[in-house]
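Quick mapping for you: the protein sequence lines, in order, are chains R and H. The first sequence begins at 187 in this note's numbering and counts up by one. The second sequence begins at 1137 in this note's numbering and counts up by one. Even for Gly, the Cβ is constructed at its ideal location relative to N, Cα and C.
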Amino acid sequence: MLVKRGIAVSPGVAIGPALLFGAENFKLSRHYTSKSAIETEIGRFHAALNAVCTDIEENQRVATERLGKEYGAIFGAHVLMARSPELVSEVERLIREETNTPERACEIVLNKYAKLFQELGSRYHAERAQDIYDLKNRLLRQLLGKQRQEMTDLTEPVLILAHNLTPSETANLKREFVLGFVTEVGGPTSHTAILAGALELPAVVGVGEFLSEVTSGDLIIIDGDRGEVIINPIESVIAERRAAQQKNESNYAALEIERTAEPITADGERIQLLGNIEFPTETGHCLERGADGIGLYRTEFLYLGVEQEPSEEDHYQAYCRVIEDLGGREVVIRTLDLGADKVPSVGGLPAESTNPALGLRSIRLSLQHREGFKTQLRAILRAAAKAPPGSVKIMFPLISSLNEFRQAKMVVRDVMDDLDEAGESFPREVPLGMMVEVPSAAILADQFAAEVDFFSIGTNDLIQYTLAVDRGDPAVSSLYRTGDPAILRLIRMVVAAADQPNRKIPVTVCGQMSSDPKFLPLLIGLGIRRISVTPHSIPELKAVIRRLTIPKAKDIATHAEWLGLSRGIDNYLQGEVSKICPQLVR
Amino acid sequence: MGGQSVSQTVTVRLENGLHLVPCSRLVKLGNGLGCDVRIRKGSLDADIKNIFDLMGLAAAFGDQLELRATGDGADEALAKIVQLFESNFGD
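What follows is the structure, given as structure tokens:
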């Protein structure tokens, strides 16, 4: 049994077999497999070998066709080497008798042959040694690559253990067969974390290197409450965590009773509680927990896992589905928030930036890639025609200057003109708002307030940009402090700016901060009355709201600010929320 | 395997020696035979069905190889292999 610790990003406990997704490079992640996996591993070796041979035979065909038979024969000889009974039986023996992984076995056997050739001394044989290394790399690529492909054709429930997961991989996975996620890298705002939250699956990220100590098929426990990953747990631990799992579920069920209750504080203040979603199907998750609507619809998933940019119809269908399910409740649709970190090359969008977080992303990308932006806006406006006036709102991400917001607004006007000409129906008055996630936007919030219809504070990016910390980078992640006084002051500034005498603008907080119950009294104390959260956390947040009073919340906020940089702030907030609502699971 | 064993010596007349492609021709031929064939170069001894063995002989232009076939159809087998060497692995 082996226990690894990481960052708990999505609550719950999952128990099941591991499925490994290694790093992209050829650094072999593990050398040994388990006895029970031997036949599976031998099968994996043969599948890889067949694939490699098919590849080489294709090369042979092309070479024969273009260069003649004698060139083709070279590839034929390579296939012969790959299929030679000595090589195959030796790899099989290493897997069977030494419980080596196929990767390791291929490495040992082919390195041995290559070395043998090298020792023969001639230049010709040295080159053949290279052929063997090439063969080895092909096999390894197949073996490692094959594992990554399996994500799309899962047939039984597994826990996904990976170095990292790309958005396109996660977008394509069969969700019904995934019980939980663990990644070696990543932080609370990593893609895996957001996805796990959206799917309501336990997840632990930022565990550090550990894949070499696990084999596909090993029994794993992911404890998304404690941030633990347990490899090959002993019976007593399995029993203990199963009990925790059941207790979680029953606690959660107790909170579920709150579902029909309104999120009103003990002293009568109504708090708007909305859900964050990525997929239209999640609308149901929000409503069944009593959400007031969707406060953040991330539309990026329309762009991921697809070969080309989504069409207007793709957008339109997705939005209509959400609108229909909401039955007149509000939805805030955020326009494309893709960055260089989230599969950029779709549809010829510019890729690679030396500094992705500060590069061409989100609204910047949309303003440069106007056609794609207009496609999305057309679809939103057309879909909005099916909803009550004002219930569909458009939000622009990563606004960093007034000029940017004005440009985006102008594009909306252009699209409206186009729709007019085309005779399409759409609402003339659509609330247009912005994410406040760049410090410049928070600092100038009073100026923005004159032009926007609403603010939504995206705490993940706001913290990252204000403190200049990448939470996904373990070397500096301890500097990422959600309760930093600078963040609290920026939130206060936005709240104050929105509360103009002649014009009151709604301010929502979305992002991980708002989904964590311990920050809720603080946020309400800072003057926030609308929060948008992962659907899963709605019941517990509602429970806190219903036990909280506004004066108490204000006290907590004042005290938290007074604590300043002290490390005790998390403990203080945790303590306060436990006092307010002792039955909280976390 | 029946005791019949025949042998013959051949000379490598391939400019680049017994390299990968001719070795693969020998393996393919060997796989189709009903008998055992071993190829010796000095103290080195290779199974005709094992490409790594054959490559390991590092037989260069002018090297002498002793072919030994044992078992059913050894005569015929040996004739086929000798023929391959004599045609210099031509078609």
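Give the DSSP-derived three-state secondary structure of residue i in the structure shown.
i, result
"Val393 (chain R)", "coil"
"Tyr483 (chain R)", "strand"
"Glu1222 (chain H)", "helix"
"Ile509 (chain R)", "helix"
"Cys696 (chain R)", "strand"
"Ala573 (chain R)", "coil"
"Thr1145 (chain H)", "strand"
"Tyr218 (chain R)", "strand"
"Asp411 (chain R)", "coil"
"Gly262 (chain R)", "helix"
"Pro203 (chain R)", "strand"
"Ser764 (chain R)", "helix"
"Leu709 (chain R)", "helix"
"Val274 (chain R)", "helix"
"Arg314 (chain R)", "helix"
"Ile549 (chain R)", "helix"
Which residue comes first and which comes last in the alpha helix (DSSP H) that contains residue i?
i, result
"Ala628 (chain R)", "625-629"
"Gly1192 (chain H)", "1187-1193"
"Pro737 (chain R)", "736-749"
"Thr1206 (chain H)", "Premise fails: Thr1206 (chain H) lies in the beta strand (DSSP E), 1200-1206, not in any alpha helix (DSSP H)."
"Glu225 (chain R)", "224-253"
"Gly470 (chain R)", "468-473"
"Lys690 (chain R)", "It is not in any alpha helix (DSSP H) - Lys690 (chain R) carries neither H nor E in the DSSP assignment."
"Phe591 (chain R)", "588-608"
Compare the C-beta of residue i with all C-beta atoms of chain R and state if any pair is closer than 8 angstroms.
i, result
"Asn1224 (chain H)", "no"
"Cys1159 (chain H)", "yes"
"Ala1182 (chain H)", "no"
"Val1173 (chain H)", "no"
"Phe1188 (chain H)", "yes"
"Gly1192 (chain H)", "yes"
"Leu1214 (chain H)", "no"
"Leu1150 (chain H)", "no"
"Met1137 (chain H)", "The pLDDT assigned to Met1137 (chain H) is 46, lower than 50, so where the model puts this residue is not dependable, and the model offers no usable value."
"Leu1169 (chain H)", "no"
"Leu1154 (chain H)", "no"
Could you check where the beta strand (DSSP E) with residue i kicks off and where it finishes?
i, result
"Arg191 (chain R)", "188-191"
"Ile717 (chain R)", "716-719"
"Phe641 (chain R)", "640-644"
"Gly148 (chain R)", "The structure shown does not extend to residue 148 (chain R), since chain R is modelled only from 187 through 772, so no value can be given for it."
"Asn286 (chain R)", "Asn286 (chain R) -> no beta strand (DSSP E), and no H or E assigned at all."
"Asn165 (chain R)", "Residue 165 (chain R) falls outside the range modelled here, since chain R spans only 187 to 772, and no answer is possible."
Closer than 7 angstroms by C-beta to residue i: which residues in its own chain qualify, once you throw out the five before and the five after it? Chain order, please.
i, result
"Arg427 (chain R)", "Val199, Ile201, Ile407, Asp409"
"Glu276 (chain R)", "Val295"
Give a yes or no on whether the minimum CB-CB distance between residue i and chain H is below 8 angstroms.
i, result
"Phe303 (chain R)", "yes"
"Gly262 (chain R)", "yes"
"Asn211 (chain R)", "Caution applies to Asn211 (chain R), whose pLDDT of 41 falls short of 50 and renders its modelled position unreliable; the model cannot decide the point."
"Glu251 (chain R)", "no"
"Tyr299 (chain R)", "yes"
"His311 (chain R)", "yes"
"Ser275 (chain R)", "no"
"Leu306 (chain R)", "yes"
Label residue i either buried or exposed according to how many other C-beta atoms from any shown protein chain fall within 10 Å of its C-beta, with 16 as the threshold for buried.
i, result
"Asp603 (chain R)", "exposed"
"Gln316 (chain R)", "exposed"
"Val598 (chain R)", "buried"
"Ala661 (chain R)", "exposed"
"Gln328 (chain R)", "buried"
"Arg314 (chain R)", "buried"
"Pro271 (chain R)", "exposed"
"Gly1226 (chain H)", "exposed"
"Ala746 (chain R)", "buried"
"Val695 (chain R)", "buried"
"Phe634 (chain R)", "buried"
"Asp659 (chain R)", "exposed"
"Met581 (chain R)", "buried"
Might you give, ordered along the chain, the residues of its own chain that have their beta carbon closer than 8 angstroms to the beta carbon of residue i, omitting 5 neighbours on each side?
i, result
"Leu584 (chain R)", "Asp523, Arg547, Ser548, Ile549, Arg550, Met621, Glu623, Val624, Asp647"
"Asp741 (chain R)", "Gly711"
"Val730 (chain R)", "Pro703, Leu706, Pro707, Val763, Ile766, Cys767, Leu770"
"Val423 (chain R)", "Met187, Ile407, Ile416"
"Val1163 (chain H)", "Ile1184, Lys1185, Asn1186, Ile1187, Leu1190"
"Asp670 (chain R)", "Ile649, Thr652, Leu653, Leu751"
Measure from the C-beta of residue i to each C-beta in chain A and report whether the shortest distance is under 8 angstroms.
i, result
"Val1163 (chain H)", "Chain labels in this structure do not include chain A; the protein chains are R and H."
Please return the same chain residues whose Cβ sits closer than 6 angstroms to the Cβ of residue i, not counting the five positions on each side in sequence.
i, result
"Arg678 (chain R)", "Leu712"
"Glu516 (chain R)", "Gly479, Ser577"
"Arg1176 (chain H)", "Glu1202"
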